[in-house]
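Counting from 645, one number per residue, gives the positions in the sequence shown under our numbering.
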Amino acid sequence: MNKRNTYFLFLSIIIFFNSCQQETSWLNRVEQLHLEWELVSNFVGEEGQFEARFIMENKGGDALRDEGWALFFNMSPRRIVSSTQADITHINGDWYKLSPRDGFYLGAGEQLEITYTGIEGVIKETDAPMGLYMVFYSQEDQELATIPVSNWKVRPFERKEQLLRGAMDDEIPYSPASQFEANDKREALISSELLPIIPSPYRLEKRDGVFKIEAGMTIAYQEGLENEAGYLNEKLESLTGVNLGSNAANGANAAIYLSLSDIRVDGKQKEAYRLEIEGEGISITGGDAAGVFYGVQSLLALMGPEVYLSDTSAVELPFVYIEDVPRFGFRSLHVDVARNFQTKGTIKKALDMMAHYKLNHFLFYTSEDEGWRVEIPGLPELTAVGAQRQHVAGMDAAALHPGYGSGPEAYSEGSHGSGFYTREEFIDILKYARDRHITIIPELNFPGHARAAIKSMEARYLKFMEAGDEVAAEEYRLIDPADQSDYLSAQAYKDNVVSVVRESTYRFYEKVVDELAAMYAEAGLEMKKMHAGGDEVPVGSWTQSPMVTELLEESPGESPNAELLLEELPVIGDMDNLQAFFFRELLKRLEKRDLEVHVWEEMALKRDETGTLRPNPEFVGRKVIPYIWNNMFDYPDLGYQLANQGYEVVLCNVSNFYFDLAYSNDPAEPGLYWAGFVNTKNAWTFAPFDWFKTTYKSSMGKPLDREAYFKDMVRINPEAKDNIIGLEAQLWGETVKGGDMAEYYIFPKLLGFAESAWARARNWEQEKDLTIMDREIEKGWNRFAGTIAAREYPKLAHWNGGYAYRIAPPGVKIIDGKLHANTNFPGLEIRYSTDNSEPDKNSYLYEDPIEIDGPVKIRAIDLAGRASRTLMVRP
């Protein structure tokens, strides 16, 4: 080796050694920094603001000074009004930066507080900053190290000023005592009062006797029902250990016979079935294969909780005669996997339990601002860039920044920000849903909520431009690079809207749709439905786009700009209706593929000359299905207006079916609350043809005088009722971290939703006297809630290895020195301890009020031994 090479080798070793020393030093500094966060109050000087603080303690030997570092974090988006000691800057979405001001100094052993105020009250632990990490910089602002914060905690929310969103919040502050009062109407039930099946069949006749299913019996089925017979046999074996033979036969000597016939229930054949259990055996006859499948689900539902709670191998089913058909042909669950990724296993578990509760559609929300989750051949950037989040230098980088606490590193352990389904995995999910008679509806939300796609295609643009291929670079580009429009989306994004006047935007959309359709074909399916989104396009979009300005100024004809729409230019109208223009152009392309196009309600609206949103009649009769979420704000009757105008609509009412809204205002209960709170009872209490009377509160908890508040609203015309084709429940993913958390949000809310979607109209829905209606609702709900506790919780604990369903903590109140307790679902046990041990099914059983003179730990426990969160109660 010559001297020159020896010198450079020695220099490299020194640089590497110094670099490692620096990295270790920065890591030590972060590990020795202890941070806490506290919500100070939502009752500050100006109504609608909150005050919070970071508490920083330096337990190391080196001071933290006013330069060379910044703290990054995610936080439920709020506009920052003021701060002390440091600048807290909103970068984009829920991504924030805390950087020191001149004079900042945190010496060894010292503690420092950074107080700040922001807009909109904060009442949940899931609102607190998350995913904290520090970035260290050189004097030239070069990033030198990025290190996650390890010592971090959120102080509990306990005071009234932390539990309410300010003086405007009319909810009762959360406490065990407030829950005791809420649970006070629940009454214990005997087993004969429970519902035998959820969702309730159209007609069920109980008869005397039981039929035993035992090993060695046979399932016979009509040709074409192999899938349904196989599913039944597999479920019986997995749930009970009983394995039955199956064959295509006439059923003369079989214990269970599945067949098809021209049966009709309530005048409908599709998905209808007849189930009869008698001494000779079990017969399930369907109007179609889906009907047989739902008959199978009812058969499985008739198995009592003892099947799951004991080791018995025999399955006893009561003699019954059932005729059943769904109230609505469209019964759907939406799951957003873009904000936080969910694994294929979690999705398949959800699909299986959806099928059991007779849902038949699944809106798979795989693209959003925060992530793109399906591999698309020919566009590898969508998953290489759009499927992962990590620290970036700024919002302009062609990559996704951290969101919802995903942290600075992609695919880091415990993070849910990165991930995608390979083409093969997506096809596998399609097949799994197909076998359960569930139609998966893929989604590509444009023109807003498109940041992951935009950033991916910008990375593609840069790649091809560097290679000198401008044609390829522009092929799928989604933005006007000169657009300086200033806007802020509902989730606080500043750059999440595609250009609606570029032909490449539509070319991209078509490419994705065609690749998805190819996956459906490979799964043995035809993609017939697509969700095109269209919601929450922020005000101000495109206002400073030169491309839009050019198109607005052009007369219909050929555009001189090759980047603009290549077809003959249409008459757009004005800036306010560019979204309607976009959908008009997109629909032309989707109609060529014979797709039924599902959209959020905004896509079927336009603004009149006064700026008021009105139904847009342009898309009626063109297989456009608006989803109606808004039953509380601005225009709560738009859904009925659209149905009256001729649109087929799906109801997704936010006050009843948004599962990502927290079960309650308990600060430890995860979830959002921008439209209030949604529990299982809300999902069950729904009148689709008069939803005003089942909208009880404002978003801030103010009880509504329903007759007066909704007096002037448009009602559904009798002849338009058939235009309400179904219902959908939504699970948006902002606060949903992992499969267990997703299941916690979904169950048991899904059971209340299933009853609203499948079961025939409840008697109380027709009651005009709201006082009488509410009284009947309480009686019906008590029965439904008791059935969940006694029959459905044991099932959820057992199927597919068990689901992480929610059990609410008990209500607790101290009266005259005695502890009184109750549960929200009658039939749950209450167990407690007085020795600080964690209560379980072997702890003291609460039966009557108990004298207490010290701390008591208490929780609700179901028959399967699953328990609620523990409460600590003091005299």
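Note that beta-carbon positions come from the ideal geometry of N, C-alpha and C, so glycine has one too.
When you compare each of the options to residue i by their alpha carbons, which one comes out closest?
i       : options                            : result
Asn1221 : Phe1008, Leu1249, Ile1505, Val886  : Leu1249
Asp996  : Ser782, Pro1259, Glu878            : Glu878
Ile635  : Ala1161, Glu815, Ala1331, Asp1349  : Since the displayed the chain opens at 645 and closes at 1519, residue 635 lies outside it and no answer follows.
Ala999  : Tyr1009, Gln986, Leu944, Arg1067   : Leu944
Asp955  : Ala982, Gly931, Ser882, Glu1019    : Ser882
Glu1237 : Ser1299, Met1171, Pro1261          : Reading off the sequence, residue 1237 comes out as Arg, not Glu. Comparing Cα positions, the closest option is Met1171.
Thr1324 : Tyr1449, Lys1412, Tyr1279, Glu1292 : Tyr1449
Ala1167 : Ile1073, His1242, His1175, Tyr1153 : Ile1073
Tyr1055 : Gln986, Glu1087, Gly704            : Gln986
Phe717  : Gly1471, Gly762, Asp1127, Asn736   : Asn736
Pro1024 : Ala1096, His978, Ala982, Val959    : Ala1096
Lys1462 : Leu1507, Ala1434, Ala1433, Glu1495 : Glu1495
Met778  : Tyr1340, Leu708, Glu1409, Leu756   : Leu708
Phe1064 : Pro1259, Arg1017, Tyr1076, Ala1103 : Arg1017
Trp670  : Glu682, Tyr781, Ser685             : Tyr781
Ala1504 : Pro1519, Tyr1488, Gly1498          : Tyr1488
Lys988  : Ala1077, Val936, Ile966, Ala696    : Ala1077
Just verifying my parser: in three-state terms, what is the DSSP assignment at residue i?
i       : result
Gly775  : strand
Val1157 : helix
Ser836  : helix
Asp1384 : helix
Asn1323 : coil
Pro744  : strand
Leu1074 : helix
Thr733  : strand
Leu671  : helix
Met861  : coil
Gly885  : coil
Gly925  : strand
Val1183 : coil
Pro1190 : helix
Arg1503 : strand
Gln1410 : helix
Ile1421 : helix
Arg1513 : coil
Answer with buried or exposed for residue i, where buried requires no fewer than 16 other C-beta atoms within 10 angstroms of its C-beta.
i       : result
Leu1122 : buried
Phe1277 : exposed
Gln1285 : buried
Arg723  : exposed
Ser726  : exposed
Pro1362 : exposed
Ser1050 : buried
Asp1587 : This structure does not reach residue 1587, given that the chain is present from 645 up to 1519, and the question cannot be answered.
Gly810  : buried
Met700  : buried
Glu1378 : buried
Ser1512 : buried
Glu1110 : exposed
Gln866  : buried
Gln1032 : buried
Leu1106 : exposed
Asn897  : exposed
Return the Cβ separation of residue i and residue j in integer angstroms, given the expectation that the two are a contact with Cβ distance under 8 Å.
i       : j       : result
Asn1089 : Gly1177 : 3 Å
Pro1314 : Thr770  : 5 Å
Asn702  : Gly751  : 7 Å
Glu1012 : Asp980  : 7 Å
Ala1452 : Ile1502 : So it is not a contact: roughly 13 Å between Cβ atoms.
Ala714  : Leu742  : 7 Å
Distance cutoff 8 Å, beta carbons only. Does residue i sit that close to anything in chain C?
i      : result
Ala714 : Protein chains in the displayed structure number just one, and chain C is not present.
Checklist entry - Which ranges does the alpha helix (DSSP H) cover as unbroken runs of at least 4 residues, wholly within the region 759–808, from first to last along the chain? => result Within the region 759–808, the complete alpha helix (DSSP H) runs of at least 4 residues are 804–807.
Checklist entry - Taking the runs of the beta strand (DSSP E) that are 3 residues or longer, which of them lie wholly in the region 1236–1305? => result 1240–1244, 1249–1251, 1257–1259, 1268–1272, 1293–1295
Checklist entry - Can you list the alpha helix (DSSP H) stretches of 4 or more residues lying completely in the region 958–1011, in chain order? => result Uninterrupted alpha helix (DSSP H) stretches at least 4 residues long and entirely within the region 958–1011 occur at 988–1000, given in chain order.
Item to check | Residue ranges of each beta strand (DSSP E) within the region 1426–1456, 3 or longer | outcome: The DSSP assignment places no complete beta strand (DSSP E) segment of no fewer than 3 residues inside the region 1426–1456.
Item to check | Whole runs of the beta strand (DSSP E) within the region 673–733, excluding any shorter than 3 residues | outcome: 677–685, 693–702, 713–718, 724–727
Next on the checklist: If we require 4 or more residues per run, which alpha helix (DSSP H) segments fall completely within the region 1312–1370?
Outcome noted: 1324–1328, 1350–1353
Checklist entry - Enumerated in chain order, which unbroken segments of the alpha helix (DSSP H) with a length of 4 residues or greater are wholly contained in the region 1021–1080? => result With a minimum length of 4 residues, the continuous alpha helix (DSSP H) runs that stay inside the region 1021–1080 are 1025–1028, 1067–1078.
Checklist entry - Taking the runs of the alpha helix (DSSP H) that are 4 residues or longer, which of them lie wholly in the region 1125–1180? => result Residue ranges of uninterrupted alpha helix (DSSP H) with 4 or more members, entirely inside the region 1125–1180 and ordered along the chain, are 1147–1166.
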